[in-house]
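Each residue of the sequence shown is one higher than the last, beginning at 230 in my numbering.
Structure first, then comments.
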Amino acid sequence: AYMAGRSQAMEKVLGQLKDTELTAVVIDVKDDEGHVTFQMDSPIVQEVGSCVNYIPDIGSLLGALKEQGVYCIARIPAFRDPFLANAKPEWCLKKADGSIYRDRNNLAWVNPYKKEVWEYLLEIAEEAGRAGFDEIQFDYIRFCTEKGMDQVVFQEEDTEGKSRQE
Numbered sequence: 230a231y232m233a234g235r236s237q238a239m240e241k242v243l244g245q246l247k248d249t250e251l252t253a254v255v256i257d258v259k260d261d262e263g264h265v266t267f268q269m270d271s272p273i274v275q276e277v278g279s280c281v282n283y284i285p286d287i288g289s290l291l292g293a294l295k296e297q298g299v300y301c302i303a304r305i306p307a308f309r310d311p312f313l314a315n316a317k318p319e320w321c322l323k324k325a326d327g328s329i330y331r332d333r334n335n336l337a338w339v340n341p342y343k344k345e346v347w348e349y350l351l352e353i354a355e356e357a358g359r360a361g362f363d364e365i366q367f368d369y370i371r372f373c374t375e376k377g378m379d380q381v382v383f384q385e386e387d388t389e390g391k392s393r394q395e
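In structure tokens:
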């Protein structure tokens with residue numbers, strides 16, 4: 230996203246696409262830190278304040294890519310989202326003592342059981358679709374699998390009686 234929003238860097242990528250057999254690009258619509266990378270008309274994105282607007286004109290960017298016949302994929306990291314976990318701590322993974330669970334990189338994850346998180350992700354995906362992306366790629370659409378996850382406590386009302394494996 231950072232490169233896609235910089236005209237010189239993107240011109241170089243467009244040139245490389247012309248000169249090769251490459252036919253697709255993946256652009257972070259939400260980055261690994263949880264920031265949304267272009268302005269969206271999304272109440273929840275605005276409420277949370279997750280937009281950093283790395284890509285100031287998503288329409289022009291996608292238009293230029295499609296003009297060259299490039300297939301555009303929007304990448305959205307799902308449950309590994311330290312920004313959302315910080316903004317909405319009630320949505321994140323927590324240990325029995327109430328502290329926030331963090332992975333080995335000290336990043337917080339949001340709770341995959343929380344339907345509010347699903348709605349947030351779907352709203353971002355829908356906005357990406359409206360912007361003109363051809364495909365949505367959800368990444369980290371899973372529970373964290375790192376050491377210490379056995380300390381995470383899930384509330385019965387969130388799990389609806391289903392295990393992580395289910």
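For every residue, glycine included, the Cβ atom is placed at its ideal position computed from N, Cα and C.
Asked, Found
"Rounded C-alpha distance that separates aspartate 332 from valine 346", "19 Å"
"Proximity to valine 339 [Cα-Cα], best of Asp326, Asn315 and Ala357", "Asn315"
"Nearest residue (CA-CA) to isoleucine 256, options Asp363, Glu395 and Gly390", "Asp363"
"Beta-bridge pairing of aspartate 368 - partner residues as DSSP gives them", "Pro306"
"Proximity winner among Ser392, Tyr330 and Pro341, relative to glutamate 375 (alpha-carbon distances)", "Tyr330"
"Beta-carbon gap between leucine 350 and alanine 307 smaller than 7 Å", "yes"
"The beta strand (DSSP E) enclosing alanine 253, as first and last residue numbers", "253–257"
"Environment of glycine 390 [buried if 16+ CB atoms lie within 10 Å]", "exposed"
"Outcome for alanine 253 when other beta-carbon atoms lying within 10 angstroms are tallied against a minimum of 16", "exposed"
"Own chain partners of tyrosine 300 with C-beta closer than 8 Å, once the 5 adjacent residues on each side are dropped", "Thr252, Ala253, Val254, Asp363 and Glu364"
"Coarse secondary structure for valine 299, derived from DSSP in three states", "coil"
"Per DSSP, the bridge partner or partners of lysine 323", "Ile329 and Val382"
"Nearest to valine 381 (by Cα), restricted to the options Ser392, Ala354, Glu355 and Lys324", "Lys324"
"Reference tyrosine 283; option with closest CA among Val277, Gly298, Ile273 and Gly263", "Gly263"
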